[in-house]
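Participant:
Number of protein chains: 2
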Amino acid sequence: MQIAKSLQQIQSSYIREILEAASNPNVISLAGGLPNDATFPMDIIKPAMAKLGEELAIFQYGDTAGYGPLLDHLYTRYQLPANQKAMITTGSQQGLDLIARAYIDPQDCVVMEAPSYLGAMQVFGLCQANIVTVEQNKQGPDIEALEQCFISNAPKLFYSVPDFHNPTGVCWSLATRKAVAALCEKYSVTLVEDAPYRELRFSGETLPMASSFCPDHSIVLRSFSKIAAPGLRIGMVSGKESLIQPLIKVKQGADLHSSVPMQALLLELLNNDSFAQCLENNTALYRDRYNKMAEELEKHLPNGCELTQVEGGMFVWVKVPQCDTFALAKSLLAEGVAVVPSDVFYPPSAAKSSALRLNFTNCSPFDLDIAIQKIGQVLRTQC
Amino acid sequence: MQIAKSLQQIQSSYIREILEAASNPNVISLAGGLPNDATFPMDIIKPAMAKLGEELAIFQYGDTAGYGPLLDHLYTRYQLPANQKAMITTGSQQGLDLIARAYIDPQDCVVMEAPSYLGAMQVFGLCQANIVTVEQNKQGPDIEALEQCFISNAPKLFYSVPDFHNPTGVCWSLATRKAVAALCEKYSVTLVEDAPYRELRFSGETLPMASSFCPDHSIVLRSFSKIAAPGLRIGMVSGKESLIQPLIKVKQGADLHSSVPMQALLLELLNNDSFAQCLENNTALYRDRYNKMAEELEKHLPNGCELTQVEGGMFVWVKVPQCDTFALAKSLLAEGVAVVPSDVFYPPSAAKSSALRLNFTNCSPFDLDIAIQKIGQVLRTQC
């Protein structure tokens, strides 16, 4: 049976190949985006699971929009405006997929920063969107280029990760957040603010969400994979009610609703007094790992390579002299270190900067040491 | 923001409206498709949840295809041929959605029996498929009409529910299963066999799956919502590896993977020695409820109405004299009884028979008594 045209355009995911290679126990992986399982709040999960095993009602079919008590909690927790609606999704990846399916026709324009999150490119690619990119600088997207892009392309959506961007780790400045929101309002572009790493800040000050400056022209995606545990597959999408209703319609056909016991488990976690402390421990651990990685990179990176400093999240972006980054990643893999080459984070047509994305959350300090030394060695010979 | 063209064609789901009305505590609902929560294996779930709360690894990201130990179990349980692959889905509804997204381009032809499962019509509608229907008789689809349809339309898929069809409860005869499989092989049509009710047989003999007669031209959807619990949202799709690989690719963008703790919970259930007994109790309960409903219908149905006998599943189909079945369902709702009118189970272009779908699994015998009496009264005055 011939596969659908939309799928014929999707190339086999290089990152999957790397992740497979990375599961080899002899490879040190800085490639994936796994939270450190030491951060999972097992002390809350264990009694919560036992308790939920007695709650008959959560094992029945649930509402498509989500488990009522969890939604109530989230409306309050995130102080959603009265005209906004929230829906629970099977991970925030599903929220993104539902947005694409509900709003994007083939050839509709979607704007992203370059580089950008691979999973978003896949989802918009599957809807045959026309993906247009805008360059990212240290403050976020280049605002002039973004306005020109909005004028030239009349996009439906601007997909963004303002807090600790994947892959670059960039955190948008306050001025950029306001400017992007103003442009979205001016040109009637919906800002999709994907915020999976927002709560993983380990230095500097939390900034208001970009969407808070254009609440009626935005959809927010929240993930609980990084602050609770990813295995649950629970995310959340919110925005003006008229923007969310079509997503509920698509979700009904997509999976009816997300697992109710997992929604109830998340509620138990969020309601637990010690959850805030778990989150602090989480960011403290990631701060240590980041500092360790930054320190080792300072020692071992040859001239011409540059680490972009970050204040949170899970990744750093190491700029390297212009080269074939796939070949570089393969050389590193041969030395037992898995990284993600920058090229995968750009759509085929975009201009690409050479860099490596390194994950610092899921690798022991000991392995980090070895991995960064090897990266230094390979970079010195190859670049 | 303008919604996608595919979604503009999806009408607001009448069944959702009915289900909402049915949640009024003064309404007796025979409308939904809820399993009876007395069948949920809570005696196994409770200790299993407590045990799983200690398993750190199941809270990390998992594989897109599914949790390895569960997949291993299912390969054995369902004795899948060596060239077949299985994937876990977020409910079998997701399996159906992934099939549509991976294989159906706008205007591709998909064949169904008429009447047919609403959720399947929605999913194929969202892919802008050309849905063509074939009439169903007491043995399953009309084989001559099906062959003519395959010849005229060269469909990609034939979507079917051979065991205790939703909405009619019809169970395909052995001859029909073989004949359909032969046609699928002859005309290179992929048989999608949706089997959510297969294990809910309370009389007669289990027949081989239709797909077992054309294993290389079929995809099977299995649900654990009816034999375990629907809140988990765990289903399964299987077929020849080359047919399943594209689904894995789409699932990666759709939700990365299904909840791992819920997959691990299902494995605990299936591995438990008392699970088989739970399933027996389940079908025994449904047999009693069905017998009760059939008995009451015999008493109260006026002439010109006809109950189709069933040997399992969750629904019966009551044929009524040709009428506006929406109006009939509304009159019943005004009397405090929710049912689903036959019209919703047909695509707009199909010839429609007048009937009501009644669910017998989730209503007490006391309420069943009252509901069927009222149905009898309303039918006597309206038909």
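Those sequence lines, one after another, are chains Y and U.
Numbering-wise (this note's numbering), the first sequence opens with residue 991 and increments by one.
Numbering-wise (this note's numbering), the second sequence opens with residue 991 and increments by one.
Quick reminder that beta carbons are idealized off the backbone N, C-alpha and C, glycines included.
Take residue 1165(Y) as the anchor and find which of 1315(Y), 1186(Y), 1133(Y) has the nearest alpha-carbon.
Facilitator: 1133(Y)
Participant: For a test of the three-state rule: what should DSSP assign to residue 1112(U), helix, strand or coil?
Facilitator: Reduced to three states, the DSSP call for residue 1112(U) is helix.
Participant: Taking DSSP as the reference, what is the three-state secondary structure of residue 1230(Y)?
Facilitator: In the structure shown, residue 1230(Y) sits in a strand (DSSP, three-state: E or B).
Participant: Could you spell out where the beta strand (DSSP E) holding residue 1208(Y) opens and where it closes?
Facilitator: 1208-1213
Participant: Could you tell me whether the region 1078-1095 of chain U touches the region 1124-1133 of chain U, where touching means 3 or more Cβ pairs closer than 8 Å?
Facilitator: no
Participant: Can you find at least 3 beta carbon pairs, one from the region 1239-1254 of chain U and one from the region 1017-1031 of chain U, that sit closer than 8 Å?
Facilitator: The answer is no - the region 1017-1031 of chain U does not touch the region 1239-1254 of chain U, with fewer than three Cβ pairs under 8 Å.
Participant: So, helix, strand or coil for residue 1371(U), using DSSP?
Facilitator: helix
Participant: Give the DSSP bridge partners of residue 1191(Y), in chain order.
Facilitator: 1302(Y)
Participant: For chain U, find out if any of its Cβ atoms is closer than 7 Å to the Cβ of residue 1113(Y); answer yes or no.
Facilitator: Closer than 7 Å to some Cβ of chain U, the Cβ of residue 1113(Y) qualifies, so yes.
Participant: Answer yes or no: do residue 1292(Y) and residue 1370(Y) have a C-beta to C-beta separation smaller than 7 Å?
Facilitator: yes
Participant: Shortest alpha-carbon distance to residue 1256(U) belongs to which of 1305(U), 1315(U), 1221(U)?
Facilitator: For residue 1256(U), the nearest C-alpha among the options comes from 1221(U).
Participant: How is the beta strand (DSSP E) around residue 1124(Y) delimited, first residue to last?
Facilitator: 1120-1127
Participant: Under 8 Å between beta-carbons, which chain U residues line up against residue 1046(Y)? List them in chain order, please.
Facilitator: 1027, 1030, 1032
Participant: Would you say residue 1119(U) faces chain Y, with C-beta separation under 7 Å as the test?
Facilitator: no
Participant: Which same chain residues, not among the five before or five after residue 1064(U), have their C-beta less than 7 Å away from its C-beta?
Facilitator: 1076, 1226
Participant: Quick check on residue 1101(Y) - is its C-beta less than 7 Å from some C-beta in chain U?
Facilitator: no
Participant: Kindly list the residues whose CB is nearer than 6 Å to the CB of residue 1147(U), restricted to its own chain and excluding five residues on each side of it in sequence; keep chain order.
Facilitator: 1100, 1180, 1182
Participant: By the 7 Å beta-carbon criterion, what residues does the region 1336-1360 of chain U contribute toward chain Y?
Facilitator: none
Participant: Just tell me which of 1145(Y), 1138(Y), 1104(Y) has its CA closest to the CA of residue 1152(Y).
Facilitator: The residue with the shortest Cα to Cα distance from residue 1152(Y) is 1104(Y).
Participant: Compute the Euclidean distance between the alpha carbons of residue 1116(U) and residue 1051(U), then round it to the nearest angstrom.
Facilitator: 29 Å
Participant: Going by DSSP, what residues sit across from residue 1182(Y) in a beta bridge?
Facilitator: 1149(Y), 1209(Y)
Participant: Report all residues from its chain with a CB closer than 7 Å to the CB of residue 1114(Y); omit the five preceding and five following residues, and keep chain order.
Facilitator: Apart from the 5 residues on each side of it in sequence, residue 1114(Y) sits with its Cβ closer than 7 Å to the Cβ of 1090, 1094, 1100, 1121 in its chain, given in chain order.
Participant: Cα-Cα, which of 998(Y), 1078(Y), 1294(Y), 1137(Y) is closest to residue 1234(Y)?
Facilitator: When only C-alpha atoms are compared, the closest one is 1078(Y).
Participant: Check whether the Cβ of residue 995(U) lies closer than 7 Å to any Cβ atom in chain Y.
Facilitator: yes
Participant: Assuming the contact rule is C-beta atoms closer than 8 Å, residue 1353(U) and residue 1313(U) should be a hit. Round their C-beta distance to whole Å, please.
Facilitator: That pair is no contact at about 24 Å.
Participant: Span of the beta strand (DSSP E) holding residue 1075(U)?
Facilitator: 1074-1079
Participant: Does the distance from the C-beta atom of residue 1025(Y) to that of residue 1268(Y) stay below 7 Å?
Facilitator: No, these two residues do not count as a Cβ contact at 7 Å.
Participant: What does DSSP give as the partner residues of residue 1018(U) in its beta bridges?
Facilitator: BP columns for residue 1018(U) point to 1327(U).
Participant: Quick check: residue 1204(Y) and residue 1161(Y), are their CB atoms within less than 7 Å of each other?
Facilitator: no
Participant: Using DSSP bridges, identify the partner residues of residue 1104(U).
Facilitator: 1125(U)
Participant: Just checking: is the beta-carbon of residue 1040(Y) within a distance shorter than 7 Å of some beta-carbon in chain U?
Facilitator: yes
Participant: 7 Å is my cut-off, CB to CB: does residue 1220(Y) come that close to chain U?
Facilitator: Cβ-Cβ to chain U under 7 Å: yes for residue 1220(Y).
Participant: May I have the straight-line CA-CA distance separating residue 1365(U) from residue 1333(U), to the nearest angstrom?
Facilitator: The straight-line gap from Cα to Cα measures roughly 18 Å.
Participant: Is residue 1167(U) closer than 7 Å to residue 1135(U) when the C-beta atoms are compared?
Facilitator: no
Participant: Which same chain residues end up closer than 7 Å to residue 1253(Y) when comparing Cβ atoms and leaving out the 5 residues on each side of it in sequence?
Facilitator: 1056, 1057, 1060, 1078, 1224
Participant: Here's a check: name, in chain order, each residue in its chain whose Cβ is nearer than 6 Å to the Cβ of residue 1197(Y), leaving out the five neighbours to either side.
Facilitator: 1164
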